[in-house]
Amino acid sequence: MAAPAETGGRDLRLERVTKRFGTFVAVDDLSLTIPSGSFFALLGPSGCGKTTTLRMVAGLEEPTAGTILIGDDDVTNAKPYKRPVNTVFQSYALFPHLDIFENVAFGLRRRGGKQIKAQVDEALELVELGGMARRKPAQLSGGQQQRVALARAIVNRPAVLLLDEPLGALDLKLRRQMQIELKRIQTEVGLTFVHVTHDQEEAMTMADTIAVMNGGHVEQMGGPADLYESPQTTFVANFLGQSNLIRAAVSGKSGDDLVLEVHGQKVAMPAARRASGTDDLLIGVRPEKIQLAQPGESTEGFGSNALPGGVVTDASFTGVSTQYLVRMPWGQELMVFAQNLGAAGLLRPGSKVDLHWDPAHTFALDGSLDANAGVAHEGATPVPVG
Amino acid sequence: MSKMRRWLGRNAIRIYAVIAFAYLFVPVAYTLAFSFNDSGKSNIAWRGFTLDKWKNPCGAPDVCPALGNSLKIGVLATLIATVLGTMIAFALARHRFRGRTATNLTIFLPMATPEVVLGASLLALFLNLKINLGFNTIVIAHVMFCISFVVVTVKARIAGLDPRLEQAAMDLYADEFQTFRRITLPLVAPGIAAGALLAFSLSFDDFIITNFNSGSVNTFPKFIWVSSLRGIPAQANVIASAMFFLALIAVLVGQAVTAGRKKQKA
Amino acid sequence: MSAAQGIGVGEQQQLEDDQHDSGSSAPTQPGRRRATPYLLLLPGMAWLTIFFILPIATLLSTSTQTRPEGAEIGVYTQTFRVANYTDTLSEYATVFARSFTYALIATVLALAISYPLAYAIAFKVGRWRNLLLVLVVAPFFVSFLLRTVAWKQILADEGWVADALRTLHVLSPDGRIINTAPAVVIGITYNFLPFMILPIYASLERVDPRLMEAAGDLYANALTTMRKVTFPLSLPGVVAGTLLTFIPAAGDYVNSALLGDPVHTTMVGNVIDSRFLKVVDYPTAAVLSVSLMVSILVLVGLYIRRAGTEELV
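Chains as they are written, first to last, in this note's numbering: chain A, 1 to 386; chain B, 1001 to 1266; chain C, 2001 to 2313.
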């Protein structure tokens, strides 16, 4: 048995990996490089292939085609127990008949290591479960079980640590707390973490790099801010946060700016932010980047792009902000988040408003893409795009 | 009056349960009581209380050898049926293979066949092959009808096992064999134990199939059957009562242990 | 709360997995994987093939044999005489009918006794649940022959049951219970009770009591709740229980032999037993065995289709 190597400088590489189940293509010609020591998130909706990718790295599925490398070692067809990879399973998969200590010691014992007690104690200390060693998993709370699962994997110092929706079973408050905790532990031990999740907020909180997956391939990869501010596809624009996507056509250039025609109005955006070469575009603005002004109101300090003639159709107060739906003259409803600064009062449904935003906050995508891709959060109805 | 009726209405099902329990226990009470009967050759009428039979349970001829045979057959048949049945259960629960439907049918049919048919058909085979009836043929017969029950019990337990536990073990450097020994087997063990207990009780109490295939070998149920014509000695009641209490204590202790563990968890 | 959430998410993920995963454990080498199930099956299935399927085949073959002229007792040769079936079945038609009637009545009685009992244990006894379950099974730790013999004593002519019934004029002064059909049915009903109670309890236990509360909340009275919610949900247990009772009941002969009358309560089992072991008339015994098995399987098949459940044991 190849002794799982200590960490240090071993990147995880997937080269043209495909996984088919019958006729269903779960992962489609996927290539990825995950640098050693990074906190990497695979983000996507249910069925996008992220879990299958993770299971192939763990050795629980065999790829139909392609190669998986850890450092220079080809592990594509290696058994799970012959890879320097450990997994924090969804719902933890703690061995119910073994106590916490033995759960954590399991991997060390299989590899016949020395000083098992010291290593296990250290790992339990790291996850702040020092006094729990002799309890059974069923005697712990969900959050504690989660920590045991983490300690059980980390104690082996794998080259790659896989986390399969690790926080999915925790309630919201505990999840927030564990996100910070996980990030701290990752920084402390310096292992490569590959984190699979469908929760975009969780991915953005923890990961250095996020790969957004859809239909078995990576839609876009990058840092959280990069993905959020400059999505390259409608799927990413809609799946990560919310976007207003509006039909636009290129009508000219002015310096470094692109001039666009949007339903009869001229708006501008930096030419460098254009993600597609086509003239038929979908321009996007995040709801919190838009400011509302009632006709005649001062718009001083507002962005120079403006779309007039909107009517508020719905306003919901959420505390931090107020979320407005604004019907535009061409029939499309746009979303606007107004931060609760206490100064302006609530706009009532029926109020006439103009929309303003900074040209730099505009992004532009290929107009032939499906404007509703990635919207499919439960019960969402497709938004008509004017 | 209406109060009374409402009370009856609310407690009807409990009253019914008490009556049902009485029905369940009257014959048991008879069996227990008559183990203390100061009986002569037959043990039908009550003749007074005595502890003599309890002091000397082997006092009646043939009782204890028959019991010994039943225990030996029970243990042997249980061992074989549990091993074979557990193997089949793993194949059915964990593998895909051709002939699955035929296998399931072969497991199901012995349970759906009346004992008298099982016994008679096996006897027909033994007669055709000119095999001498005795201890071995009883064990063969008992293993045959116990396998299915073991398969069903163990299969249910395996099906209830989270496959992620085994995946986690392999992820933690345990190879197939270590995974089986350290994770799968300990977690399936309660199911195997339940299957074995079921097999033993079926074997120990079997009369019909045994009667067809036992030749001259005596077992405890066969002893009761044969002596029921002439009169069953009270020693048989003593042995049956002792088995009853042993089994009852074993189950109650088992329950207390599990309950204790659960409480610890909570 | 968090546990419930966990299950929800787990299921969702499981769905994703199930789309493309057989749900089996980690992949093993293809070659070994194909051979493993057969190696596991081999010894047990060989045992069942030799000592169950082969005997049934032997029985089938025996059922059409005849005794050659002047041959010794117990010697039969294969003559493929299908008329053995018509001869035997016409001779024992009443015995067959009686067996199935007794088995049916016993099954219905057992259901009537077991369902309320299982229901009470599942929902009405609180922390006594486990103890009562043990008590339900406990009687069956006593040898079933001794229990049947105990019924013989209980139902005897001079026993307290007969006395009481005579006093109540349910029974005529010279009436008896022992050696009558009711005695046999009482014995059979009693004998297979745990096979009825346990499956029903198992499926009732799985019924979420909140469903019954919801039915009550939606204007169903106790009876409607039982009819529309509880009973349908416990149906798999009822189907399993009735089958596990009916099948052995139809083939039983111990109750008939100990509690019945040698002529008027004879069941198929008694005839098979005596034809095989006493009269040494193997073909007749074989015909009866095959017919009993086939008719039970047909009835079971129809019943399962009717009940619309494949979940047996």
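Glycine included, C-beta positions come from ideal geometry on N, C-alpha and C.
Remember, it's a predicted structure, so these values are computed and weren't measured experimentally.
Between residue 88 of chain A and residue 150 of chain A, the beta carbon gap of about 6 angstroms places them in contact (Cβ cut-off 8 angstroms). Close partners of residue 1128 of chain B in chain C (Cβ separation under 7 angstroms): 2058. 9 angstroms or more divides the Cβ of residue 132 of chain A from the Cβ of residue 154 of chain A. When secondary structure is reduced to three states using DSSP, residue 20 of chain A falls in the strand class.
When 8 angstroms is used as the limit between beta carbons, residue 2293 of chain C is near these residues of chain B: 1113, 1114 and 1117, in chain order.
DSSP places residue 2050 of chain C outside any alpha helix (DSSP H), giving it a letter other than H or E. At a cut-off of 9 angstroms between C-beta atoms, residue 167 of chain A does not count as an interface residue with respect to chain B. Annotated three-state conformation of residue 286 of chain A is coil, per DSSP. The contact set of residue 1205 of chain B on chain C, defined by CB atoms closer than 7 angstroms, consists of 2143 and 2144 in chain order.
The stretch 350 to 362 of chain A makes contact with the stretch 260 to 277 of chain A, as at least three CB pairs between them are under 8 angstroms. In the DSSP assignment, residue 210 of chain A falls within the beta strand (DSSP E) that extends over 209 to 214. According to the DSSP assignment, residue 2263 of chain C belongs to no beta strand (DSSP E), since it is labelled neither H nor E. With respect to residue 186 of chain A, residue 206 of chain A sits close: the two C-beta atoms are nearer than 9 angstroms. Ranked by Cα distance from residue 210 of chain A, the options A:29, A:41 and A:188 are led by A:41. Here the alpha carbon of residue 236 of chain A sits roughly 10 angstroms from the alpha carbon of residue 218 of chain A.
Proximity of residue 2162 of chain C to chain B, defined by a Cβ-Cβ separation below 9 angstroms, is not satisfied.
By the neighbour-count criterion, in which a residue is buried when 16 or more other Cβ atoms sit within 10 angstroms of its Cβ, residue 2106 of chain C is buried. Between residue 2142 of chain C and residue 1241 of chain B, the gap from beta carbon to beta carbon is short of 9 angstroms. For residue 2268 of chain C, the closest Cβ of chain B is nearer than 9 angstroms. Under the DSSP definition of a beta bridge, residue 1038 of chain B lacks any partner.
In this structure, DSSP gives residue 313 of chain A an extended state, which the three-state scheme calls strand. Going by beta carbons, residue 2196 of chain C and residue 2247 of chain C fall outside the 9 angstroms limit. Under the 10 Å beta carbon count, residue 202 of chain A is surrounded by 16 or more other beta carbons and is classified as buried. Between residue 1170 of chain B and chain A, the shortest Cβ-Cβ separation is below 9 angstroms. For residue 244 of chain A, none of the residues of chain B pass the 7 angstroms Cβ criterion, the least Cβ distance being about 41 angstroms.
The beta strand (DSSP E) runs of length 3 or more contained entirely in the stretch 126 to 181 of chain A are, from start to end of the chain, 160 to 164. It is roughly 10 angstroms from the alpha-carbon of residue 1167 of chain B to the alpha-carbon of residue 1176 of chain B.
Its chain contains 19, 26, 27, 28, 30, 213, 215, 216 and 217 as the residues whose beta carbon lies nearer than 8 angstroms to that of residue 49 of chain A, once the 5 sequence neighbours on both sides are disregarded; these appear in chain order. Rounded to whole angstroms, the gap between the alpha carbons of residue 77 of chain A and residue 54 of chain A is 14 angstroms. For a Cβ distance threshold of 8 angstroms, residue set 1162, 1164, 1165, 1167 and 1168 of chain B lies close to residue 93 of chain A, ordered along the chain. When rounded, the separation of the alpha-carbon atoms in residue 2093 of chain C and residue 1250 of chain B is 46 angstroms. Contact annotation, residue 1019 of chain B with residue 2119 of chain C: C-beta distance approximately 14 angstroms; criterion of less than 8 angstroms not satisfied.
In the DSSP annotation of this structure, residue 335 of chain A is not part of any alpha helix (DSSP H); the continuous beta strand (DSSP E) holding it starts and ends at 333 to 339.
In the structure shown, residue 2267 of chain C falls within a coil segment according to DSSP collapsed to helix, strand and coil.
With a threshold of 9 angstroms between beta carbons, residue 1006 of chain B makes no contact with chain C. Where residue 2071 of chain C is concerned, there is no enclosing beta strand (DSSP E), because DSSP gives it neither an H nor an E.
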